[in-house]
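Below: the structure, in structure tokens.
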Amino acid sequence: MFVANTPSAINYNDVSSPQSSSMDASVAAVTSEPETRVISSADHTAQQENLLKILKSKANDQEFWCSISYYEFNERVGEVWHAPKDMHSVFIDGFTQPSDGSANGNRFSLGLLTNINRKAESDSARRYIGRGCTVYTDNNDSVFLYNMSESSIFVQSPICNLQHSWHPATVVKIPPQGCIEIFSNTKYEETLCSKINSGYEETFFYTYVCKIRISFVKGWGAQYRRQTVTACPCWVELRLNKPLGILDAALKTILKNPSSEPPGSSLS
């Protein structure tokens with residue numbers, strides 16, 4: 122587990138996650154007969170940009186930029202909450218703001234949600250959510266989280282872990298007033314292009330990086346008695362719909378172009 126201290130600094134020394142692993146860098150190459158040509162860095166970048174342009178043009182426009190599901194242990198509680206694409210910030214708190222349009226629409230208040238099967242541990246943890254956190258997106262479709270509560274928040278984001286060469290299962294502890302980029306859209310697009318070269322199954326598996334898990338008050342991982350997020354008393358899953366839409370376009374493109382060449386490649 123890494124600890125995010127401030128909006129500009131992360132303490133890399135406080136580790137309680139599985140051992141972090143570095144990402145292997147490789148040179149993209151296209152083999153043709155009778156010789157092997159190596160794509161230059163500039164050509165590779167242009168090829169990726171062309172591919173992304175094609176995928177974005179084919180992707181369906183998403184009405185909601187993110188969807189949030191609330192869980193207590195392994196049970197989903199309440200309906201999925203959706204943030205419209207013109208709503209750039211979302212507050213997830215422990216209060217009782219109704220989602221009926223009568224007040225600020227960018228608040229998902231967990232305190233309003235009832236559960237007839239609620240356990241005492243969930244009831245206790247929910248009292249400490251307080252002001253919760255703000256999740257917001259920038260013009261580049263990257264996503265950030267700011268902890269507004271008085272308790273720590275724990276985040277597992279595959280794309281954040283990949284960006285920092287951390288182990289994929291790493292959970293980041295965000296203390297009060299801490300902030301971290303939980304989804305780099307630039308890193309996502311870069312790695313998605315690489316996945317496409319690996320085929321349909323590898324690309325489909327990449328849906329997991331578009332889902333971010335956030336636990337309030339209680340953490341999980343290697344140095345906790347809770348090994349999985351479903352052992353946490355109150356947590357949410359954030360689903361990013363625009364990256365999923367681009368991934369959907371990529372999967373359809375692969376099925377139409379099942380060759381070894383990347384779709385949209387100038388070399389194909």
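In the numbering used here, the protein residues as written are 122 to 389. Virtual Cβ for every residue (Gly too), placed ideally from N, Cα, C.
**Message:** Helix, strand or coil, according to DSSP, for C300 in the structure here?
**Reply:** For C300, the three-state secondary structure derived from DSSP is strand.
Helix, strand or coil at D369 according to DSSP, with G and I counted as helix: helix
Problem - Where T217 falls, given that 16 or more other Cβ within 10 Å makes a residue buried - result: Within a 10 Å sphere around the beta-carbon of T217 sit fewer than 16 other beta-carbons, which makes this residue exposed.
Practice prompt. Please report the residue range of the beta strand (DSSP E) in which I317 lies.
Written response: Taken as a continuous stretch (DSSP letters only), I317 belongs to no beta strand (DSSP E), being part of the alpha helix (DSSP H) at 306-317.
- Under 7 Å between C-beta atoms of I303 and S278: With respect to S278, I303 sits close: the two C-beta atoms are nearer than 7 Å.
field: 8 Å contact criterion, which L231 and C355 should meet: CB distance rounded
entry: 7 Å
Exercise. Can you give the Cα-Cα distance for C281 and S305, rounded to whole angstroms?
Worked result: 7 Å
Exercise. Give every residue of the same chain whose Cβ lies closer than 8 Å to the Cβ of F185, excluding the five residues on either side of it in the sequence, and list them in chain order.
Key: H203, A204, P205, K206, N362
From F212, N268, V338, L376, residue whose alpha carbon lies closest to that of E193
V338
**Asked** Which of helix, strand or coil does DSSP assign to S243?
**Response** helix
Would R197 and S190 be called neighbours here (beta carbons separated by less than 7 Å)? yes
Look at the Cβ atom of V276, then the Cβ atom of I335, and state whether they are nearer than 7 Å.
yes
Please list, in chain order, all residues of the same chain as E242 whose beta carbon is under 8 Å from its beta carbon, the five residues on each side excluded.
Around E242, the same chain offers P354 as residues with beta carbons nearer than 8 Å, after the five sequence neighbours per side are excluded.
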